[in-house]
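Undergrad: What follows is a structure written as structure tokens; I'll ask about it next.
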Amino acid sequence: MAVIDKKTIEHVALLARLELSEEEKELFVSQLGDILTYIEKLKELDTSKVEPMAYATATTNVFREDVPTPSLKLEEVLKNAPAKFQDFFKVPKVIE
Amino acid sequence: MQHETIVGLETHAELLTETKLFCGCLNRFGASPNTLACPVCLGLPGVLPVINKKGFETALKAALALHCQINQFTTFDRKNYYYPDLPKNYQISQNYLNLGINGYLEIKYGGNKKRICIHNVHLEEEAGKLIHPESALGGGEDYSLVDFNRAGVPLLEIVTYPDMRGLEEVEAYMNTLKNVLLYTEVSDCKMQEGSLRFEASISLRPIGQEKLGNRVEIKNLNSMKAVLKALEYEMRRQKEVLESGETVSMETRLWSEPNERTERMRTKEEAHDYRYFPEPDLTPAVVEDRWLEKQRATLPELPLARRERFVAKYGLSDYDAGVLTEDKALADYFERCVTLHHSPKAVCNWVTNYVQRELNERRLEIKDFPVSPEMLVELVRLAETGDVSMPVAKEVFVEMVDTRKKAPQIVQERGLLQISDRAELESIIQEVIAENPNALADYKKGKKTALTFLVGQIMRKTKGKANPQMVNELLKKKLEAG
Amino acid sequence: MRVAELISFTGYQLQEKLLSRELTAQEVVEGLFANIEEVEPIVRAYLLLDREGAVRKAQEVDARLKKGEKLGPLAGIPVAVKDNICTNGLRTTCASRILENFIPPYDAHVIERLKEADAIIIGKTNLDEFAMGSSTENSAFKLTRNPWDPKRIPGGSSGGSAAAVAAGTAFIALGSDTGGSVRQPAALCGVTGLKPTYGRVSRYGLVAFGSSLDQIGTITRDVRDSALLLQIIAGRDSRDSTSADVPLPDYLKELEKPVKGLRLGLPREYFMEGLNDEVRKAVEEAVKVYEGLGLSVKEISLPHTPYAVAVYYIIATAEASSNLARYDGVRYGHRTPGAQNIIEMYSCTRAEGFGREVKRRIMLGTYALSSGYYEAYYLKASKVRNLIRQDFSRAFETVDFILCPTSPTPAFKLGERLANPMEMYLCDIYTIPANLAGIPGISIPCGFTKENLPIGLQLMARHFEEAGLLKVARAYERETEWHLRRPV
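Same order as they appear, the protein sequences are chains A, B and C. 5 is the number of the first residue of the first sequence in the working numbering; add one for each residue after it. 93 is the number of the first residue of the second sequence in the working numbering; add one for each residue after it. -15 is the number of the first residue of the third sequence in the working numbering; add one for each residue after it.
Structure follows, in structure tokens:
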């Protein structure tokens, strides 16, 4: 059975870029645990010979031609930006 | 202990298309920031991708050129990671069913030929560009800037097996691969613009040992030279680590050009977990046999095959053929000349020496070269028939590059036709001998250099126009007789 | 004309009265806004009302009608739009703090279609944040109430659209349905909700929740309006790779065709424990109506139904965890100020911007895709999803339509199920399978409980069989008057 502990919650929260409060961590340990327990019922089914259904349609080969369409105007690109500098989006310094 | 160096390369090449991979914004380098962006490539809420057919076919062509097995049912996956230049915080890429697998690239270096095996070739989207401005006081500002013009440009990733055993092989692989991508018009391969990029992984193992050593990945390699320098540094570093009895830690390192060394990445490398899953917004691509064969038919002759053909068909040396085919445009230029005037060796001599020198000195590309194959061939003919001497021909050539004038025009304007008239030459020889009695005396004493001196004087007097063979012949006769 | 009379019309009736010039578009809009002023403070269905834009468009329509110009099929008809569908220049929030001030620079495909049809967009309706929920209680901005009983939830996630149509503050509306988000609130508000086949309506501009499940649907007062609206929004769109290139029938024309001899299947698994007795009884009565119309009815089995909710909560959350990664405070939306580095900026922005249910689902989906769990969860769920789809294919070999309840219970009280997410997830037990299989489903009113709460009947059909589905639903509607009842 998949038991989800606080350490796992913290790791997943980092992957998902969510800062969780201690209270939320506790809550999710319990709630995600319940949901995952419910989901365990899938194990009852033998799916070894079943193909996964990754796509909701049977369509294939949908392409567009390599033809330009207009880009947005710069004002529109930056209109919703929380922070900008000149013609750029601005973010806290990214270090490598 | 002797160690063996094992290198694998990951290459990213931006594809030559008019528009981006999933939207109609232009795929162009150098536009003003954030002017080539739309809701789709900005990852606005609600938008959806649609694959650019040309981009897909270009990737297919590359996979075929690299002798890959094609997954005729190929799908796209989301690679999830957060980075400010990645608009959706996932990259649409391929993971489970790559377009091409198990290919190879044949390289030739020194006298050796070797196949470097390709693990996979797949299509994905570019990220935008992150800029780290310098502050006025020196050092970096406390912010970074993002330009999304590049976001969504079609990108091909080519991943080798760890098949390279030394820097010579790495260099040959990079050059050959670049050449293949240029030949097939898959990418413009401009490293300075970032349209061709390499990442290397390197490990060392004691000779004779089968198990691979711990691998280090190196990023931030902005030129082929940087790749080689970084690998050389890393070989040294890892050797020292191993010889001191320690183990090399598996990590990603960045090449620092100013410090000429690799440095461990500063960010915490939380276990990368890309959480790949099938991209539900795209449908699978099915490459039917007919489509595949049609793409295969568009493949041009590849550089190595062309090199071998130049040797067999034109009787060129392998070296010259290699020089010519290194650049598709140069090889095309050569072949055009040869079709106009079947004198492959002479043309090769002109192209590999004089044309290339002018290209290098003037930092020109062959497509912008002012002397067309038609113009060059006229000059080669003039030199061959003896209408102009070789030294004059070289001068004329330089002037052609400067002025875009044709050879006959320059020769005529400047009166440069070679003097091959016997009587005229004899009279000039007479004059020169008269002016240099000492030389004549020396010659008679058996000093052979006097002959060379006199030829030089004659050429000087005629401004290089005298037919050198005739001058030699007539002068000898005169001296013997005199 | 009195406001009460005006707002009782369906879209179809309005169309007739506008074309015969019995009503002007401006009168329709003014009348509707008069009712909104009265009812909206109680029902609270809208996140944004564009009265000015609506009046302007109405005047334009009237002027063009006067000149005798040919107008689009929805000319002068007000439409309400769920606030997870992008509208150029009109704030689109998904009922989330993270998009509180987001103004799209583009229209969703369905909005373009509505505008081409000369419809009037009156406002954006409330929903569970990013369409994640079954009660509309997960909206970051307001609680929408069920017009039949303001102490109860309207269902969700398209609760705003369903409540508005039921309360007469909208005539027709658009919703989105990932696991029942159109059909369930329609059932709980006593209106008609259609989820078309996956791929029938372009998703371009619908803010993604679960991309392989999401589909835009219609919420209307009757089946005829569903046909009217579907006709406008359906069809291939080159900007959505999953939008189907399947011919579009004339839905209104097909609507009144005979239904005699068609075969209905009642899936055994949908009538087991957990089904409210009053709901069961209403659905059984509906079966009798169909038998009276000459349809054959038989029991069928969809054996993998008990696994549908589990499959759904893996696939929908996995896709959502990736779809919602873009809300990062870089290009648009909320950003927490003062972060020292980029990871902190992301994590605080998202912690502040998302509500608890959204976080819970992002966490679940991220976990299900994370290294070491992909096969046990995502891949396993994708396989069981295939089994569920196969259940339907097999069933549709012997029946033409499947009939069942839309929701196991009528509308529950506000706050009742907030503490236990699993209980809330089970609300969608009858609607989720259609999304997993990609087939169309419709919910129509089929009765009321003793407490005067509406009950919904669900019909499902083969892929791209919307015409038949609407026809069968319409046949029931002609025989009954449930759809004519209005809350007071």
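Note that beta-carbon positions come from the ideal geometry of N, C-alpha and C, so glycine has one too. Everything numeric in this text was worked out from a predicted model, so none of it was measured.
1) Taking the alpha carbon of C:GLY339 as the point to measure from, which residue in A:LYS47, A:LYS10, A:GLU28 has its own alpha carbon closest?
2) When DSSP builds the beta bridges, which residues end up paired with B:VAL488?
3) Find the nearest neighbour of C:PRO25 within the set C:ILE(-9), C:ALA101, C:LEU127, judged by alpha-carbon distance.
4) Short check: CB of C:VAL207 to CB of C:ILE(-9), under 8 Å?
5) Excluding sequence positions up to five away, which residues of its chain have a Cβ less than 6 Å from the Cβ of A:ALA6?
6) Got a sec? Which residues, its chain only, sit under 7 Å from B:LEU605 by beta carbon, not counting five neighbours each side?
7) How many angstroms separate the CA atom of A:ASN65 from the CA atom of C:PRO88?
8) Can you list, in chain order, the residues of its chain whose CB lies under 7 Å from that of C:PRO233, leaving out five sequence neighbours each side?
9) Hey, is B:VAL379's beta-carbon within less than 8 Å of any beta-carbon in chain C?
10) What's the C-alpha gap between A:SER52 and C:ALA365?
11) Just checking: is the beta-carbon of B:PRO125 within a distance shorter than 8 Å of some beta-carbon in chain A?
12) Looking at chain A, which residues of the stretch 317 to 344 of chain C have a Cβ within less than 8 Å of any of its Cβ atoms?
13) Run through the stretch 127 to 195 of chain B for me and flag every whole beta strand (DSSP E) of 3 or more residues, listed as ranges in chain order.
14) Check whether the stretch 122 to 136 of chain B touches the stretch 153 to 166 of chain B, counting contact only when three or more Cβ pairs, one atom from each stretch, lie closer than 8 Å.
15) Residues in the stretch 219 to 233 of chain C with C-beta within 8 Å of chain B's C-beta atoms, listed in sequence order?
16) Which of the three DSSP states is assigned to C:GLN199 in this structure?
17) Could you name the residues of chain A that B:PHE148 contacts, counting a contact when the two beta carbons are closer than 7 Å?
18) Have a look at B:VAL278 and C:THR289 and give me their C-alpha separation to the nearest angstrom.
19) Taking Cβ-Cβ distances below 9 Å as the criterion, which residues of the stretch 175 to 192 of chain C are in contact with chain B?
20) Can you give me the start and stop residues for the alpha helix (DSSP H) that B:LYS386 sits inside?
21) Would you mind stating whether B:THR544 and B:ILE511 have Cβ atoms separated by less than 8 Å?
22) Closer than 8 Å between beta carbons: that is the criterion. Which residues of the stretch 68 to 84 of chain A meet it against chain B?
23) DSSP state of A:MET5, grouped into three classes?
24) Just to confirm the assignment, what range does the alpha helix (DSSP H) spanning C:ILE298 have?
25) So that I know if they touch, is there some Cβ in chain C lying closer than 8 Å to that of B:LYS180?
26) Cα separation between B:LEU474 and B:GLN186?
27) Does the contact criterion of 3 or more C-beta pairs under 8 Å hold for the stretch 78 to 93 of chain A versus the stretch 121 to 130 of chain B?
28) Is the CB of C:GLY534 under 8 Å away from at least one CB in chain A?
29) Rounded to whole angstroms, what is the Cα-Cα separation between B:GLY195 and B:ALA157?
30) Output the boundary residues of the beta strand (DSSP E) element that contains B:ASN204.
31) Can you tell me whether C:PRO242 is buried or exposed, with buried defined as 16 or more other CB within 10 angstroms of its CB?
32) Are the Cβ atoms of C:ALA146 and C:PRO180 separated by less than 8 Å?
33) Which two residues bound the contiguous beta strand (DSSP E) that contains B:LEU320?
34) Comparing alpha-carbon positions, which option in B:ILE199, B:PRO500, B:HIS95 lies nearest B:THR268?
35) With a cut-off of 8 Å, does the C-beta of B:THR354 fall near any C-beta of chain F?
36) Indicate the three-state DSSP secondary structure (helix, strand or coil) for B:GLU102 in the structure shown.
TA: In brief:
1) Taking the first residue of the third sequence as position 1, residue 339 of chain C is located at position 355. Of the candidates A:LYS47, A:LYS10, A:GLU28, the one whose C-alpha sits nearest the C-alpha of C:GLY339 is A:GLU28.
2) On the second sequence, residue 488 of chain B is found 396 positions in, with the first residue counted as 1. In DSSP, B:VAL488 forms no bridge with anything.
3) As a working mapping, residue 25 of chain C is identified with position 41 in the third sequence. Comparing Cα positions, the closest option is C:LEU127.
4) Numbered from its first residue, the third sequence carries residue 207 of chain C at position 223. Numbered from its first residue, the third sequence carries residue -9 of chain C at position 7. No, these two residues do not count as a Cβ contact at 8 Å.
5) Start at 1 with the first residue of the first sequence, and residue 6 of chain A comes out as number 2. Bear in mind that the predicted position of A:ALA6 carries a pLDDT of just 47, short of 50, making it too unreliable to give a figure here.
6) Look at the range of chain B in this structure, 93 to 574, and you will see that residue 605 of chain B is not part of it.
7) Counting from 1 along the first sequence, the entry for residue 65 of chain A is found at position 61. Counting from 1 along the third sequence, the entry for residue 88 of chain C is found at position 104. Answer to the nearest angstrom: the Cα atoms are 30 Å apart.
8) Counting from one through the third sequence, the residue named residue 233 of chain C turns up at place 249. These residues qualify, in order along the chain: ALA451.
9) For the purposes of this step, residue 379 of chain B is identified with residue 287 of the second sequence, where counting begins at 1. It does not; no Cβ of chain C falls within 8 Å.
10) Reading the first sequence from its first residue, position 48 is the one you call residue 52 of chain A. Reading the third sequence from its first residue, position 381 is the one you call residue 365 of chain C. Between A:SER52 and C:ALA365, the C-alpha separation is close to 12 Å.
11) Here residue 125 of chain B is taken as the residue at index 33 of the second sequence, counted from 1. Chain A contact via Cβ: present.
12) GLY317, HIS318, ARG319, ALA323, GLN324, ASN325, ILE326, ILE327, GLU328, MET329, TYR330, SER331, CYS332, ARG334, ALA335, PHE338, ARG340, LYS343, ARG344
13) 169 to 172, 182 to 185
14) no
15) Against chain B - using a Cβ distance shorter than 8 Å - the residues of the stretch 219 to 233 of chain C are SER222, ARG223, ASP224, SER225, THR226.
16) Here residue 199 of chain C refers to the residue found at position 215 of the third sequence. DSSP places C:GLN199 in strand when its eight states are reduced to three.
17) Position 56 of the second sequence, counted from the start, is the residue given in the question as residue 148 of chain B. Under the 7 Å cutoff, chain A gives PHE67.
18) By 1-based counting over the second sequence, the position of residue 278 of chain B is 186. By 1-based counting over the third sequence, the position of residue 289 of chain C is 305. Near 49 Å, if we compare the C-alpha coordinates of C:THR289 and B:VAL278.
19) SER186, ARG187, TYR188, GLY189, LEU190, VAL191, ALA192
20) Position 294 of the second sequence, counted from the start, is the residue given in the question as residue 386 of chain B. Taken as a continuous stretch (DSSP letters only), the alpha helix (DSSP H) holding B:LYS386 covers 381 to 389.
21) Here the question's residue 544 of chain B lines up with position 452 in the second sequence. Here the question's residue 511 of chain B lines up with position 419 in the second sequence. Cβ distance not < 8 Å, so B:THR544 and B:ILE511 don't count as in contact.
22) ARG68, GLU69, ASP70, VAL71, PRO72, THR73, PRO74, SER75, LEU76, LEU78, VAL81, LEU82
23) What you label residue 5 of chain A is simply residue 1 of the first sequence in a count that begins at 1. A caution first: A:MET5 carries a pLDDT of 42, below 50, which makes its placement in the model too unreliable to give a value.
24) As a working mapping, residue 298 of chain C is identified with position 314 in the third sequence. Residues 292 to 307.
25) Here residue 180 of chain B refers to the residue found at position 88 of the second sequence. With 8 Å as the cut-off, B:LYS180 counts as an interface residue toward chain C.
26) Position 382 of the second sequence, counting from 1, holds the residue named residue 474 of chain B. Position 94 of the second sequence, counting from 1, holds the residue named residue 186 of chain B. Taking the straight line from one Cα to the other gives about 57 Å.
27) yes
28) Only positions -15 to 472 of chain C appear in this structure, which leaves residue 534 of chain C out of reach.
29) Your numbering for residue 195 of chain B matches position 103 in the second sequence. Your numbering for residue 157 of chain B matches position 65 in the second sequence. Straight-line Cα distance between these residues: approximately 9 Å.
30) Counting from 1 along the second sequence, the entry for residue 204 of chain B is found at position 112. It spans 204 to 217 - the beta strand (DSSP E) in which B:ASN204 sits, taken as one unbroken run.
31) Looking up residue 242 of chain C in the third sequence gives position 258. That one is exposed.
32) By 1-based counting over the third sequence, the position of residue 146 of chain C is 162. By 1-based counting over the third sequence, the position of residue 180 of chain C is 196. Against a cut-off of 8 Å, the Cβ pair of C:PRO180 and C:ALA146 comes out as no contact.
33) Position 228 of the second sequence, counted from the first residue, corresponds to residue 320 of chain B. Premise fails: B:LEU320 lies in the alpha helix (DSSP H), 316 to 335, not in any beta strand (DSSP E).
34) Counting from 1 along the second sequence, the entry for residue 268 of chain B is found at position 176. Nearest of B:ILE199, B:PRO500, B:HIS95 to B:THR268, Cα basis: B:ILE199.
35) Judged by its chain identifiers, the structure shown contains no chain F, and its protein chains are A, B and C.
36) Numbered from 1 along the second sequence, position 10 holds the residue referred to as residue 102 of chain B. B:GLU102 falls in the strand class under three-state DSSP.
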